[in-house]
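Q:
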Amino acid sequence: MVRITSEIVENAPQFTNAIKDRELSLRSYKFPAIENMGCTLDQFDTIDLSDNEIRKLDGFPVLKRLKSVILTNNKIARISEDLGQHLPNLLTLILTSNYLSDLKDLDPLSSCEKLNFLSLLHCPVTMRANYRLYVISRVASLRFLDYRRVTQAERKLARSMFKRLPALPNVNNVKAPYQKSNISRVENSNPIAPSSGGGVVKTFIPGAPINPNNLVPPGTEPTKSSNEQNHFGESKENNVPGLTTSVENSQVESNKSDTLVVSSTDTPMPPPSTPVTTGNKRPGQL
Numbered sequence: 001m002v003r004i005t006s007e008i009v010e011n012a013p014q015f016t017n018a019i020k021d022r023e024l025s026l027r028s029y030k031f032p033a034i035e036n037m038g039c040t041l042d043q044f045d046t047i048d049l050s051d052n053e054i055r056k057l058d059g060f061p062v063l064k065r066l067k068s069v070i071l072t073n074n075k076i077a078r079i080s081e082d083l084g085q086h087l088p089n090l091l092t093l094i095l096t097s098n099y100l101s102d103l104k105d106l107d108p109l110s111s112c113e114k115l116n117f118l119s120l121l122h123c124p125v126t127m128r129a130n131y132r133l134y135v136i137s138r139v140a141s142l143r144f145l146d147y148r149r150v151t152q153a154e155r156k157l158a159r160s161m162f163k164r165l166p167a168l169p170n171v172n173n174v175k176a177p178y179q180k181s182n183i184s185r186v187e188n189s190n191p192i193a194p195s196s197g198g199g200v201v202k203t204f205i206p207g208a209p210i211n212p213n214n215l216v217p218p219g220t221e222p223t224k225s226s227n228e229q230n231h232f233g234e235s236k237e238n239n240v241p242g243l244t245t246s247v248e249n250s251q252v253e254s255n256k257s258d259t260l261v262v263s264s265t266d267t268p269m270p271p272p273s274t275p276v277t278t279g280n281k282r283p284g285q286l
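Residue 117 in the UniProt record's numbering sits at position 117 of the sequence shown; the count goes up by one each step and never skips.
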């Protein structure tokens, strides 16, 4: 497996191309990755890495002079997120005949703020719906895409179709609608809730979790004694206020009246006399 080394870079063809840029040709070496590019000493405007076996567009150090990268006929399926940071003055990127297949794989190109010319011809991603508008919306500085000029109408349509939305919050940070803090806030705002001590007012909140501290173990519920319950099984505390007091007062008054009758000086009526029997007997009686 051939790797990029300083010896290969020194012996590779170096020349001034037609547009008078200093170019380094590393074609057809079958490199599997981009590496050791620091040995170029940032002395080239264009680097040609066509006809290799590169699978990911990364491995560049910070090269401020480099303006054009040619990667035709490779196996690139991913692009580094920090490509624009390592190549801040990149103007031309040729990715013809590679393995890029999803639109999201092109998002890292938005970090290349000066990119003017981009080619993705013969890549599977070009078959995606609205591919061209998507790329235009992600690379604002783009002037030519697949050797076709980007028009103002396309820019306007791309902005309206792929308007950038704010980032969604992390689901792990989203609080439930009824948490313990919310329940305690409801209890504190309840005017009939006890201020200190005693039990907590049981307020039912739909969807709120059950507080295990307020649960009563089975079999330990307090029961009313038989003398504290009425004939409906309800305690006297649940009766209508004032009704018990009036009944008790009437009973006391009746007891007083009975006492007065017994203690009066009037002679009580004698008991009824025994019936007088005659000597006649009924038929059949001995």
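Glycine included, each C-beta is placed from N, C-alpha and C at the ideal position. Owing to the predicted nature of the structure, the values given are computational and were not obtained by experimental measurement.
Taking the Cβ atom as the reference point for each residue, do Ile94 and Leu66 lie within a distance shorter than 8 Å?
A: For Ile94 and Leu66, no; Cβs fall outside 8 Å.
Q: Ignore the nearest five residues each way along the sequence and tell me which others in Ala167's own chain have a CB closer than 8 Å to its CB.
A: Here Ala167 scores only 42 on pLDDT, less than 50, and its place in the model is too uncertain to base an answer on.
Q: Decide if Asn52 is buried, meaning its Cβ has at least 16 other Cβ atoms within 10 Å, or exposed.
A: Burial call: buried.
Q: Have a look at Leu63 and Ala153 and give me their C-alpha separation to the nearest angstrom.
A: Leu63 and Ala153: Cα-Cα distance of roughly 34 Å.
Q: Bridge partners of Gln14, per DSSP?
A: Leu24, per the DSSP bridge assignment.
Q: Going by beta carbon distance, what residues of the same chain come within less than 6 Å of Asp42, once the five residues before and after it are set aside?
A: Excluding sequence neighbours, Asp42 sits near Leu63 and Arg65.
Q: From Lys30 to Cys123, what does the alpha carbon distance come to, in whole angstroms?
A: If you take the alpha carbons of Lys30 and Cys123, they lie about 20 Å apart.
Q: Based on Cα-Cα distance, which residue from Arg27, Ser97, Lys114 and Thr96 lies nearest to His86?
A: Of the listed residues, the one whose Cα sits closest to His86 is Lys114.
Q: Mapping the DSSP letters down to three states, classify residue 288 as helix, strand or coil.
A: This structure cannot settle anything about residue 288, because the visible part of the chain is limited to 1 through 286.
Q: Could you tell me which whole alpha helix (DSSP H) segments of length 4 or greater appear in the region 69 to 122?
A: Listed in chain order, the complete alpha helix (DSSP H) runs (minimum 4 residues) inside the region 69 to 122 are 83 to 86.
Q: Going by DSSP, what residue range makes up the alpha helix (DSSP H) through Ile136?
A: Its alpha helix (DSSP H) spans residues Tyr131 to Arg138.
Q: Would you tell me roughly how many angstroms separate the C-alpha atoms of Leu120 and Glu7, rounded to the nearest one?
A: Distance between the alpha carbons of Leu120 and Glu7: 31 Å.
Q: Give me the Cα-Cα distance between Ser111 and Gly84, rounded to the nearest whole angstrom.
A: The straight-line gap from Cα to Cα measures roughly 5 Å.
Q: Which value, in whole angstroms, describes the spacing of the CA atoms of Met1 and Arg27?
A: Using only the alpha carbons, I get a separation of about 15 Å.
Q: Less than 8 Å between the CB atoms is what I'm expecting for Ser73 and Thr92, so what's the real figure, rounded?
A: Checking the sequence, you will find Asn at residue 73 rather than Ser. The pair is not a contact, with the Cβ atoms about 17 Å apart (cut-off 8 Å).
Q: Specify, as a first and last residue, the run of the alpha helix (DSSP H) that Lys156 falls within.
A: Lys156 -> alpha helix (DSSP H) spans Gln152 to Met161.
Q: Which residues in the same chain as Ala77 place their Cβ atom closer than 8 Å to its Cβ, once the five residues preceding and following it in sequence are excluded?
A: Here the set comprises Arg55, Lys56, Asn98, Tyr99, Leu100, Ser101 and Asp105.
Q: Would you mind sorting Arg149 into buried or exposed? The rule is 16 or more other CB atoms within 10 Å of its CB.
A: It counts as exposed.
Q: Would you tell me roughly how many angstroms separate the C-alpha atoms of Leu49 and Ser160, rounded to the nearest one?
A: Cα-Cα distance, rounded: 36 Å.
Q: Just to check my reading of the structure: Ile79 and Glu35 have Cβ atoms closer than 8 Å, yes? What is that Cβ distance to the nearest angstrom?
A: Contact doesn't hold; Cβ gap of about 16 Å is too wide.
Q: What three-state label does DSSP hand Thr40 in the structure shown?
A: Note: Thr40 maps to helix in three-state DSSP.
Q: Going straight from the alpha carbon of Asn11 to that of Phe144, what length do you get?
A: Those two C-alpha atoms are separated by around 34 Å.
Q: Give every residue of the same chain whose Cβ lies closer than 7 Å to the Cβ of Thr126, excluding the five residues on either side of it in the sequence, and list them in chain order.
A: Around Thr126: Leu120.
Q: Just the C-alpha distance for Arg138 and Pro32, rounded to the nearest angstrom, thanks.
A: About 28 Å.
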